[in-house]
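Mapped onto our numbering, the consecutive letters of the sequence shown carry residue numbers 1 to 284. Right, one structure below, let's go through it.
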Amino acid sequence: MDIRELTTFKMISETRNFSKAAELLGYTQSNISMQIKNLEAELGTKLFECQKRQVIITQTGIELLPLVTKTLENFSEIKTWNQEVEQTGILKIAAPESLTISMVAPMLKRFKQKYPQVQIELQNATCLHNEETLLRGEVDVAFMMWPSRPSKKLIDHDLGEQEMVLVVPTDSKVSFQKLLNDRNTQFIINEPECSYRNQFETAVWQQHQRQFRTTSLDGIAAIKAAVVNELGFSYLPLTMVENEIKNQKLRIVKTDIVNHVHAHLLTRDYKEKSNLISEFIKMF
1 MDIRELTTFK MISETRNFSK AAELLGYTQS NISMQIKNLE AELGTKLFEC
51 QKRQVIITQT GIELLPLVTK TLENFSEIKT WNQEVEQTGI LKIAAPESLT
101 ISMVAPMLKR FKQKYPQVQI ELQNATCLHN EETLLRGEVD VAFMMWPSRP
151 SKKLIDHDLG EQEMVLVVPT DSKVSFQKLL NDRNTQFIIN EPECSYRNQF
201 ETAVWQQHQR QFRTTSLDGI AAIKAAVVNE LGFSYLPLTM VENEIKNQKL
251 RIVKTDIVNH VHAHLLTRDY KEKSNLISEF IKMF
């Protein structure tokens with residue numbers, strides 16, 4: 001007795017139509033008919049009769065239906081049982097600060113609601129460090145922001161382009177050209193390994209042969225505070241400065257920088273944790 005035959009029997013019982021059951025289950029009508037014949041032969045009884053082009057379930061079929069329904073429910077539970085068992089353990093994630101704030105933390109909240117038994121270990125570092133940590137097998141998932149593709153040794157899930165903006169204090173009337181011409185202006189940004197810092201500095205040099213004096217700060221909150229207090233300008237993901245722009249603490253300055261920064265979710269070959277990691281990836 002095949003579980004498919006029981007599924008087919010239940011579907012025909014509900015639709016009272018072989019053609020409709022075949023359509024819903026993705027079989028041909030001949031396949032559906034063969035499954036029912038096999039089931040009837042194994043049970044030694046008729047399950048359906050055709051009367052005036054109508055499919056009538058027999059009394060035996062009516063009595064069998066509750067047992068089949070219960071069997072299919074149990075089978076469904078068995079199929080998902082191992083998946084539920086896998087939704088425990090530890091999921092180790094590495095992400096840069098900007099993606100942790102804008103993307104990872106909100107998704108982890110949803111993930112924890114769905115899989116409360118999974119322990120999350122989250123660490124922040126630069127994009128390149130996160131990639132190297134994943135390559136060494138120290139984390140299960142790593143996030144990056146980078147213009148180019150990550151290592152070919154990793155499975156890359158491109159999460160799309162991240163909008164970048166150059167910001168100055170709201171009261172500043174400066175333009176991008178004035179910033180380029182001002183030899184005393186200060187570029188306030190995070191560590192030298194930062195992906196969008198690298199893109200900005202590379203683009204400014206290639207297009208304008210200009211290098212800004214730079215102040216490196218550890219966190220985005222400190223960077224924004226420095227710019228708000230008129231210590232310089234910065235180049236940050238729009239999601240990081242939306243509130244300051246809305247509250248008129250910062251202003252966006254148009255540039256000729258072509259943005260190529262994408263967010264990436266990276267994994268190794270994760271067969272040993274395939275269900276846990278794949279469920280996390282589905283969140284994105």
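By construction, the Cβ of each residue, glycine as well, lies at the ideal position given by its N, Cα and C atoms.
Determine the DSSP secondary structure at residue i, reduced to helix, strand or coil.
i	result
P116	coil
V174	coil
E163	coil
R213	strand
P192	coil
L122	strand
F284	coil
K92	strand
Between which two residues does the beta strand (DSSP E) containing residue i stretch?
i	result
T15	First-last for T15: I3 to T15, but that is the alpha helix (DSSP H), not the beta strand (DSSP E).
V141	V141 to W146
I101	I101 -> no beta strand (DSSP E), and no H or E assigned at all.
E49	F48 to Q51
Mind checking which residues open and close the alpha helix (DSSP H) that includes residue i?
i	result
I257	Run containing I257: none; DSSP gives neither H nor E here.
E40	Q29 to L43
E138	Per DSSP, E138 belongs to no alpha helix (DSSP H) and is neither H nor E.
Return the residue from the list the options that minimises the CA-CA distance to residue i.
i	options	result
L6	K37, K20 and A105	K37
E73	K10, A226 and L159	K10
M107	R213, V168 and L265	L265
S234	I252, N247 and N243	I252
E163	G26, K109, Q177 and V261	V261
Provide the residue(s) that pair with residue i in DSSP beta bridges, ordered along the chain.
i	result
P237	M164
I277	Paired residue(s): none; I277 is not in a bridge.
H305	Nothing about residue 305 can be reported from this structure: the residues present for the chain run from 1 to 284 only.
P169	L250
Touching by the beta-carbon criterion (3+ pairs, under 8 angstroms), the region 89 to 98 and the region 143 to 159: yes
The region 125 to 137 contacting the region 188 to 207, beta-carbon criterion three pairs below 8 angstroms: yes
The region 61 to 75 contacting the region 112 to 127, beta-carbon criterion three pairs below 8 angstroms: no
At least 3 beta-carbon pairs within less than 8 angstroms: the region 182 to 190 vs the region 218 to 232: yes
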